[in-house]
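Here is the structure we will look at.
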Amino acid sequence: NAGVMQNPRHLVRRRGQEARLRCSPMKGHSHVYWYRQLPEEGLKFMVYLQKENIIDESGMPKERFSAEFPKEGPSILRIQQVVRGDSAAYFCASSPRRAQGSGNEQFFGPGTRLTVL
Amino acid sequence: AQKITQTQPGMFVQEKEAVTLDCTYDTSDPSYGLFWYKQPSSGEMIFLIYQGSYDQQNATEGRYSLNFQKARKSANLVISASQLGDSAMYFCAMREGRETSGSRLTFGEGTQLTVNP
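Residue numbers (the numbering used here), protein chains in the order written: chain A, 339 to 455; chain B, 1220 to 1336.
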């Protein structure tokens, strides 16, 4: 029973390049959340998606960032023309359609550490 | 205004003693959930404990208990019999709305706990 998978675990990009982060939710989960953790800070919500729909993108920067969760395949967080300030850990979490109320509602992946040189 | 406040950037405790990590929250939603996560130096997010706003009793999970004081809007984490492996960053988080609606988590800035031998 695989958990939430993220790849790559570490990604190095030069300024101006594109970064693509992938998240495969747990089996049977149809909700995906992306969070960003800057150094020495807590996680900040970016976007919430269901299959083929963006439900809440209020935490996404207005430019260069986009996310998708297609009908087939993983969710993708895409950062175009990366800058040094994009260096952070990016976490994906998934949840089932109906959470059980036990609190273990969002299962986190191991994160992708993005370093922009 | 901060939705989740963790006032202790760092805490120290002797092995085998108990420690309380503070968390206060701010919401006008009558339905919400409070979470604690542990983030060791390896970086993954580990779910520890959950308290629903309508739960009558304080949540407990092994050595972890949540001191939920609704009127004060506080949800402090108590770790009993601290172990060296408890040394990590601890995050308090809140989900507003019912768990069945699917909703993002808002995190505090975290408390770095160090357990001394």
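The C-beta atom is built at its ideal place from N, Cα and C for all residues, glycine as well. Computed from a predicted structure; not experimentally measured.
My output table needs one value for residue i: the three-state DSSP class, helix, strand or coil.
{"i": "glycine 423 of chain A", "result": "helix"}
{"i": "glycine 1262 of chain B", "result": "coil"}
{"i": "glutamate 1315 of chain B", "result": "strand"}
{"i": "tyrosine 1269 of chain B", "result": "strand"}
{"i": "valine 370 of chain A", "result": "strand"}
{"i": "threonine 1246 of chain B", "result": "coil"}
{"i": "methionine 364 of chain A", "result": "coil"}
With respect to the beta strand (DSSP E) encompassing residue i, which residues constitute its N-terminal and C-terminal limits?
{"i": "glutamine 355 of chain A", "result": "Note, glutamine 355 of chain A: premise wrong, no beta strand (DSSP E); not H, not E."}
{"i": "valine 1334 of chain B", "result": "1330 to 1335"}
{"i": "lysine 382 of chain A", "result": "381 to 388"}
{"i": "alanine 405 of chain A", "result": "403 to 406"}
{"i": "glycine 1229 of chain B", "result": "1229 to 1233"}
{"i": "methionine 343 of chain A", "result": "343 to 345"}
{"i": "aspartate 394 of chain A", "result": "391 to 394"}
{"i": "arginine 1323 of chain B", "result": "Counting along the chain, arginine 1323 of chain B falls outside any beta strand (DSSP E), and DSSP gives it neither H nor E."}
Take residue i as the anchor and find which of the options has the nearest alpha-carbon.
{"i": "threonine 1226 of chain B", "options": "B:Gln1331, B:Asn1335, B:Pro1336", "result": "B:Gln1331"}
{"i": "glutamate 406 of chain A", "options": "A:His367, A:Gln388, A:Gly366, A:Lys382", "result": "A:Gln388"}
{"i": "glycine 396 of chain A", "options": "B:Thr1333, B:Val1334, B:Arg1323", "result": "Looking at the sequence provided, one finds serine at residue 396 of chain A rather than glycine. Here the closest residue by C-alpha is B:Arg1323."}
{"i": "tyrosine 1283 of chain B", "options": "B:Ser1272, B:Gln1275, B:Ile1265", "result": "B:Ile1265"}
{"i": "alanine 1312 of chain B", "options": "B:Gly1262, B:Gly1304, B:Leu1267", "result": "B:Leu1267"}
{"i": "glutamine 344 of chain A", "options": "A:Leu455, A:Ser368, A:Val350, A:Phe446", "result": "A:Phe446"}
{"i": "lysine 400 of chain A", "options": "A:Met384, A:Ala427, A:His367, A:Val350", "result": "A:Met384"}
{"i": "phenylalanine 1254 of chain B", "options": "B:Phe1287, B:Val1334, B:Ser1306, B:Ser1301", "result": "B:Phe1287"}
{"i": "leucine 1240 of chain B", "options": "B:Gln1233, B:Ala1294, B:Thr1246, B:Pro1249", "result": "B:Ala1294"}
Using a Cβ-based criterion (distance less than 7 Å to any ligand heavy atom), does residue i qualify as near the ligand NAD?
{"i": "glutamine 355 of chain A", "result": "The model on display carries no ligand, and the ligand NAD is accordingly not part of it."}
Rounding to the nearest angstrom, what Cα-Cα distance links residue i and residue j in this structure?
{"i": "glutamate 410 of chain A", "j": "valine 342 of chain A", "result": "16 Å"}
{"i": "isoleucine 1298 of chain B", "j": "proline 1336 of chain B", "result": "16 Å"}
{"i": "alanine 357 of chain A", "j": "serine 1260 of chain B", "result": "24 Å"}
{"i": "arginine 416 of chain A", "j": "methionine 364 of chain A", "result": "21 Å"}
{"i": "glutamine 419 of chain A", "j": "lysine 1235 of chain B", "result": "49 Å"}
{"i": "isoleucine 1223 of chain B", "j": "lysine 382 of chain A", "result": "12 Å"}
{"i": "arginine 353 of chain A", "j": "tryptophan 372 of chain A", "result": "22 Å"}
{"i": "serine 362 of chain A", "j": "glutamine 1221 of chain B", "result": "31 Å"}
{"i": "aspartate 424 of chain A", "j": "phenylalanine 403 of chain A", "result": "10 Å"}
{"i": "glycine 1290 of chain B", "j": "aspartate 1274 of chain B", "result": "For the sequence presented, residue 1290 of chain B should be read as alanine rather than glycine. If you take the alpha carbons of alanine 1290 of chain B and aspartate 1274 of chain B, they lie about 14 Å apart."}
{"i": "leucine 376 of chain A", "j": "threonine 1279 of chain B", "result": "31 Å"}
Hey, which unbroken runs of the beta strand (DSSP E) at 3 residues or more fall wholly within the segment 1277 to 1313 of chain B? 1283 to 1288, 1293 to 1298
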